[in-house]
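Colleague: What follows is a structure written as structure tokens; I'll ask about it next.
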Amino acid sequence: MKVLITGGMGVIGAEASRRFVREGHRPIIFARHRDEWLIRDILEEVDIELGDVLDMPRLLDVIKRHRVTHIVHAAAFVGAVSAANPALSVQVNVMGMVNVLEAARAFDVARVVYTSAKGVYGPVLGEYGAPTYKPVPEDFPKNPKRIYDSAKLMAEQPLARIPANLRLRFPLPERRNPPKYGHNVSARQRTLADAIITAMLAPC
Ligand SMILES: NC(=O)c1ccc[n+]([C@@H]2O[C@H](COP(=O)([O-])OP(=O)(O)OC[C@H]3O[C@@H](n4cnc5c(N)ncnc54)[C@H](O)[C@@H]3O)[C@@H](O)[C@H]2O)c1
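Counting in the numbering used here, the sequence shown tops out at residue 238, every number present.
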């Protein structure tokens, strides 16, 4: 298995990369900016390719050159950055996914795992909110409120039409506040990384 992790220097991508390293793999991290902080402990055990998921020729080149067989797509415009740049948020979050899928199709990549977001459901209340945090079912009505949530939902559409690929949403309880962004990895984010590995290794 040769795994490419887009956004592999971000919070989720870095933790997923770490998990793959622990499983004995040497992941390729594909990221727009070089920021080694979150992967500083595994720098010697990964390959880094700088590139933008909106740059299709670059994406194709990296997948071909490394003979990539599996992709975790965790590159995204999230949070305040997304809200401040709606046009770019839609481009990166939607067209980035489309490009990854097209590139995967071009080189017969066996599996793509996409990290969607609970925000596609909009605010979840009642038993799905505090204090019970019942897991949200996949068929729960979607009601995205923010541009980020809408873009994440839109990016699920092409994925849902490619049966060989898995999609992955995170209807997980948020029982603790994440630590300061970018400095540590919360228990929830570790759980998300576990879910990525499980989805990647699950039988088709
Ligand atoms: N962090 C969470 O708790 C959480 C929860 C649910 C879903 N997710 C999803 O997981 C994914 C990753 O989230 P995160 O928290 O790690 O975000 P992050 O901002 O920490 O990481 C995203 C990474 O993507 C890179 N990136 C952005 N645009 C790019 C582009 N055009 N080309 C290549 N790389 C680009 C950034 O440089 C960054 O390293 C997102 O899709 C997000 O929706 C995260």
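C-beta: ideal position from N, C-alpha, C; glycine also. Every value quoted in this text rests on a predicted model; they were computed, and no experiment measured them.
Who are the Cβ neighbours of Val87 in its own chain at under 7 angstroms, not counting the five residues just before and after it?
Modeller: As a position in the sequence shown, residue 87 is number 53, starting the count at 1. Answer for Val87: Thr40, Leu93, Ala109, Val126, Gly130, Asn133, Val134, listed in chain order.
Colleague: Say the cut is 8 angstroms; is the CB of Lys152 nearer than that to a heavy atom of ligand 1?
Modeller: Reading the sequence shown from its first residue, position 118 is the one you call residue 152. Lys152 Cβ: within cutoff of ligand 1.
Colleague: Could you tell me which of Met90, Asp89, Pro91, Glu70 sits nearest to Asp81, measuring between CA atoms?
Modeller: In the sequence shown, the residue the question calls residue 81 occupies position 47. Considering only alpha carbons, the answer is Glu70.
Colleague: Span of the alpha helix (DSSP H) holding Phe54?
Modeller: As a working mapping, residue 54 is identified with position 20 in the sequence shown. Here the alpha helix (DSSP H) through Phe54 covers 45-56.
Colleague: When we look at the beta-carbon of Pro175 and count the other beta-carbons within 10 Å, is it buried (16 or more) or exposed?
Modeller: Here residue 175 refers to the residue found at position 141 of the sequence shown. Result: exposed.
Colleague: Could you tell me which whole alpha helix (DSSP H) segments of length 4 or greater appear in the segment 107-181?
Modeller: If we require 4 residues or more, the alpha helix (DSSP H) runs fully inside the segment 107-181 come out as 113-118, 120-124, 130-140.
Colleague: Do the segment 112-122 and the segment 157-164 make contact, defined as three or more Cβ pairs closer than 8 angstroms?
Modeller: The segment 112-122, when compared against the segment 157-164, does not touch it at the 8 angstroms Cβ threshold.
Colleague: Excluding sequence positions up to five away, which residues of its chain have a Cβ less than 7 angstroms from the Cβ of Ala140?
Modeller: Translated into the one-based positions of the sequence shown, residue 140 becomes position 106. Around Ala140: Leu94.
Colleague: Hey, would you say the C-beta of Asp75 is under 8 angstroms away from at least one heavy atom of ligand 1?
Modeller: Start at 1 with the first residue of the sequence shown, and residue 75 comes out as number 41. Checking the Cβ of Asp75 against ligand 1 gives no.
Colleague: Need the endpoints of the alpha helix (DSSP H) that Val96 sits in, please.
Modeller: For the purposes of this step, residue 96 is identified with residue 62 of the sequence shown, where counting begins at 1. Counting along the chain, the alpha helix (DSSP H) containing Val96 begins and ends at 90-99.
Colleague: Assuming His100 and Arg145 form a contact by the criterion Cβ under 8 angstroms, report the distance between their Cβ atoms to the nearest whole angstrom.
Modeller: In the sequence shown, residue 100 corresponds to position 66, counting from 1. In the sequence shown, residue 145 corresponds to position 111, counting from 1. Their Cβ separation, rounded to whole angstroms, is 16 angstroms, which puts His100 and Arg145 out of contact at 8 angstroms.
Colleague: Quick check: what's the CA-CA separation for Tyr167 versus Val158?
Modeller: By one-based count along the sequence shown, residue 167 stands at place 133. By one-based count along the sequence shown, residue 158 stands at place 124. Cα to Cα, the separation comes out at about 9 angstroms.
Colleague: Suppose you measure from the CA of Val45 to the CA of Leu72; what does that come to, to the nearest Å?
Modeller: Numbered from its first residue, the sequence shown carries residue 45 at position 11. Numbered from its first residue, the sequence shown carries residue 72 at position 38. Approximately 7 angstroms, taken between the alpha carbons.
Colleague: Which same chain residues end up closer than 8 angstroms to Val37 when comparing Cβ atoms and leaving out the 5 residues on each side of it in sequence?
Modeller: In the sequence shown, residue 37 corresponds to position 3, counting from 1. Around Val37: Phe54, His59, Pro61, Ile62, Val102, Thr103, His104, Ile105, Val106, Met234.
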